[in-house]
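Residue numbers (the numbering used here): 1073 to 1472. We treat Cβ as the ideally placed atom computed from N, Cα and C, and that holds for glycine. Source: prediction; values computed, not measured.
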Amino acid sequence: MAHNSTKRMGKTKKIGLWALVVLIVLYAAFRIIAPPLLEKSLNKRLDYSGQQPSAATLALQADMTIMDWHSDSLLWNRNILQSADYGHADIPRLQAAGFDLMMFTAVTKSPRGQNIAENTDDSDNITALVIAQGWPVKTWDSLLERALFQAEKLDDAVANSNGELVWVRNQQELATLRAARGEDHTSRTIGALLGAEGAHPLEAKLANIDRMYEAGYRMMGITHFFDNALAGSLHGVSNAGLTPFGSKAINRFDALEVIIDLAHVSEAAAWEITKQSPRPQVVSHTGFKGHCNTDRNFPDDLMKAIAAKGGLIAVGFWEQAVCAPTPDGIASALIYGINLVGEDHVVIGSDWDGSTTSLTASDFPLITEALASRGVPEATIRKIMGGNSLAFLQNWLPAE
Ligand SMILES: [Zn+2]
1073 MAHNSTKRMG
1083 KTKKIGLWAL
1093 VVLIVLYAAF
1103 RIIAPPLLEK
1113 SLNKRLDYSG
1123 QQPSAATLAL
1133 QADMTIMDWH
1143 SDSLLWNRNI
1153 LQSADYGHAD
1163 IPRLQAAGFD
1173 LMMFTAVTKS
1183 PRGQNIAENT
1193 DDSDNITALV
1203 IAQGWPVKTW
1213 DSLLERALFQ
1223 AEKLDDAVAN
1233 SNGELVWVRN
1243 QQELATLRAA
1253 RGEDHTSRTI
1263 GALLGAEGAH
1273 PLEAKLANID
1283 RMYEAGYRMM
1293 GITHFFDNAL
1303 AGSLHGVSNA
1313 GLTPFGSKAI
1323 NRFDALEVII
1333 DLAHVSEAAA
1343 WEITKQSPRP
1353 QVVSHTGFKG
1363 HCNTDRNFPD
1373 DLMKAIAAKG
1383 GLIAVGFWEQ
1393 AVCAPTPDGI
1403 ASALIYGINL
1413 VGEDHVVIGS
1423 DWDGSTTSLT
1433 ASDFPLITEA
1443 LASRGVPEAT
1453 IRKIMGGNSL
1463 AFLQNWLPAE
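Right under this line is the structure:
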């Protein structure tokens, strides 16, 4: 009996070990196969590879300063230092299109059935995504850890880039980037700013603003798709303005010279912030409601108030922002903005890799071409593509 039971136990152990090996192999396969499939299904591409920009456009593209206020590329496991044949952007593709700087934005929570009309905060798709992508266990149940991990990912990319990707966290680093790129714009160095899609990673603690600042965050959205401890979302349930905690957070962002991003926040909260804060704000990825009447966009009077304070409106490249996400449709939104708030306040905020369907960084010059063909003067194109953003950052980033 004893002998038989030992034998059986041995057999059970063996089966257990095999089951474990099979599970590990399946998990490894899942980890390798699932993330790219998932990303391909969420970051869909509009293909303009058949359209060639003119030589004049390519010359302007190579010569002008180009800065983008919004990309969610850090959410995915794809190595941003390598050129990929999926997703919208990575460093090699940004370099080829002549980019000087990208604002990388961290997504930390996204409701199931996410839509631009109304979402609650009681579900989250990002949890499954971070587990499938094998992110550290501490990120599984902490939005703060998810934000800190994305800061680490960016820091690792900078460290492994041979100087081709550099942090821009203050005026000094911005000046270093400018010097590295040189007058002739032949250098491939790209600057990276870090921002958050909503301030729920603060987990309702003011002290976490300083932790995120130390990790490199220099722009904070207030909300994403759902109401949070700071304010109502443009796509939430309450449509509320700032909470008392939200109002205190605004003061702390301002004290640290963190740029406040009004994208996704309720109209009530956006109005309150423009009144409370002595600094100008940015809408990092948006369209104009007067041009494209969706629940994703702010009305024209609010956009004018943001610009009147010296703020920037960054036009996105996807359908809910610009209605027609073609190079010409994006140009139309930019031209509408120039006519509404003036050419000093309109910039670009692609929302690449933000679960959007859009043209990729490789086809970006076609937007420049569309602006030129619509009669927008070269000096204005230069402002929109990067000149305005550079001037803003030179004023509003911390000195050091
Ligand atoms: Zn967004």
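So, for residue 1414: in the same chain, excluding its five sequence neighbours on each side, which residues have a beta-carbon less than 7 Å away from its beta-carbon?
For residue 1414, where only same-chain residues beyond five positions count, the Cβ hits under 7 Å are 1379.
So what's residue 1240 in DSSP terms, helix, strand or just coil?
Annotated three-state conformation of residue 1240 is coil, per DSSP.
Quick check: what's the CA-CA separation for residue 1437 versus residue 1173?
Using only the alpha carbons, I get a separation of about 16 Å.
Starting from residue 1177, follow its DSSP beta bridges and name the residues at the other end.
DSSP lists 1267 as partners of residue 1177.
So what does DSSP say about residue 1073, is it helix, strand or coil?
No answer about residue 1073 holds up, because its pLDDT of 47 lies below 50 and its placement is not dependable.
Examine ligand 1 and report whether any of its heavy atoms sits within less than 7 Å of the Cβ of residue 1423.
For residue 1423, the Cβ falls inside the 7 Å cut-off from some heavy atom of ligand 1.
If you follow the alpha helix (DSSP H) that residue 1318 is part of, which residue opens it and which one closes it?
If you look at residue 1318, you'll find it in the alpha helix (DSSP H) that goes 1316 to 1328.
Classify residue 1458: buried if its beta carbon has 16 or more other beta carbons within 10 angstroms, exposed otherwise.
The residue in question, residue 1458, is buried, as its Cβ has 16 or more Cβ neighbours within 10 Å.
Taking the straight line between their C-alpha atoms, what separation do you get for residue 1222 and residue 1362?
Near 35 Å, if we compare the C-alpha coordinates of residue 1362 and residue 1222.
With a CB to CB cut of under 8 Å and the five nearest residues on each side skipped, what residues in its chain are close to residue 1466?
Same-chain partners within the cutoff: 1243, 1246.
Are at least three pairs of beta-carbons, each pair with one atom in the region 1424 to 1441 and one in the region 1153 to 1169, less than 8 Å apart?
As far as the Cβ criterion goes, the region 1424 to 1441 touches the region 1153 to 1169, which means the pair count is three or higher.
Do three or more CB pairs link the region 1188 to 1198 to the region 1307 to 1314 at distances below 8 Å?
Yes, they touch.
Alpha-carbon to alpha-carbon, residue 1472 and residue 1248:
Distance from the CA of residue 1248 to the CA of residue 1472, rounded to the nearest whole angstrom, comes to 12 Å.
Residue range of the unbroken alpha helix (DSSP H) whose run includes residue 1292:
Annotation: residue 1292 is outside any alpha helix (DSSP H); the continuous beta strand (DSSP E) that includes it extends over 1289 to 1293.
State the DSSP-derived secondary structure class of residue 1129, mapped to helix, strand or coil.
Of the three classes helix, strand and coil, the one that applies to residue 1129 here is helix, per DSSP.
Which term fits residue 1084, buried or exposed, when burial requires 16 or more other beta carbons within 10 angstroms of its beta carbon?
Result: exposed.
Would you list the residues sitting across from residue 1448 in a DSSP beta bridge?
Beta-bridge partners of residue 1448 (DSSP): none assigned.
With contact counted as at least three CB pairs below 8 Å, one residue from each stretch, are the region 1347 to 1363 and the region 1127 to 1143 in contact?
Yes: the two stretches touch, three or more of their Cβ pairs being nearer than 8 Å.
Using the C-alpha atoms, what's the distance from residue 1442 back to residue 1133?
A straight line joining the alpha-carbon of residue 1133 with that of residue 1442 spans about 13 Å.
Can you look up residue 1357 in the DSSP assignment and give me helix, strand or coil?
If DSSP states are grouped into helix, strand and coil, residue 1357 belongs with the strands.
Let me check one thing: in DSSP terms, what residues is residue 1384 bridge-paired to?
Paired residue(s): 1354.
When the distance is taken between beta carbons, is residue 1290 closer than 8 Å to residue 1326?
With a cutoff of 8 Å on beta-carbon distance, residue 1326 and residue 1290 are scored as not near each other.
State the DSSP-derived secondary structure class of residue 1150, mapped to helix, strand or coil.
In the three-state DSSP reduction, residue 1150 falls in the coil class, being neither helix nor strand.
Can you check whether the CB of residue 1275 is closer than 8 Å to the CB of residue 1237?
Contact annotation: residue 1237 and residue 1275 have beta-carbon atoms that are not nearer than 8 Å.
Quick one, which of 1263, 1116, 1121, 1285 has its alpha-carbon nearest residue 1176's?
For the residues 1263, 1116, 1121, 1285, the minimum Cα distance to residue 1176 belongs to 1263.
Assign residue 1369 to buried or exposed, taking buried as 16 or more other Cβ atoms, counted over all protein chains shown, within 10 Å of its Cβ.
In this structure residue 1369 is buried. Its beta-carbon is surrounded by 16 or more other beta-carbon atoms within 10 angstroms.
Does the Cβ of residue 1102 have 16 or more other Cβ atoms within 10 Å, making it buried, or fewer, making it exposed?
Exposed, because fewer than 16 other Cβ atoms sit within 10 Å of the Cβ of residue 1102.
Taking 7 Å as the line, does the beta carbon of residue 1359 fall inside it for any heavy atom of ligand 1?
No, ligand 1 has no heavy atom inside 7 Å of this Cβ.
Should the region 1382 to 1391 be regarded as contacting the region 1417 to 1427, the criterion being three or more beta carbon pairs within less than 8 Å?
Taking 8 Å as the limit for Cβ pairs, the verdict is that the region 1417 to 1427 does touch the region 1382 to 1391.
Can you check which of these residues, 1398, 1145, 1091, is closest to residue 1268 by C-alpha distance?
For residue 1268, the closest C-alpha among the options 1398, 1145, 1091 is that of 1145.
Endpoints, the alpha helix (DSSP H) within which residue 1400 is located
Counting along the chain, the unbroken alpha helix (DSSP H) around residue 1400 starts and ends at 1399 to 1413.
Identify which residue in 1123, 1086, 1231 has its Cα closest to the Cα of residue 1153.
Between residue 1153 and the set 1123, 1086, 1231, the nearest pair of CA atoms involves 1231.
Tell me, to the nearest whole angstrom, how far the beta carbon of residue 1180 is from that of residue 1218; I am working on the premise that it is less than 8 Å.
About 4 Å separates the beta carbon of residue 1180 from that of residue 1218, a gap short enough to meet the 8 Å contact definition.
Mapping the DSSP letters down to three states, classify residue 1117 as helix, strand or coil.
Correct three-state label for residue 1117: strand.
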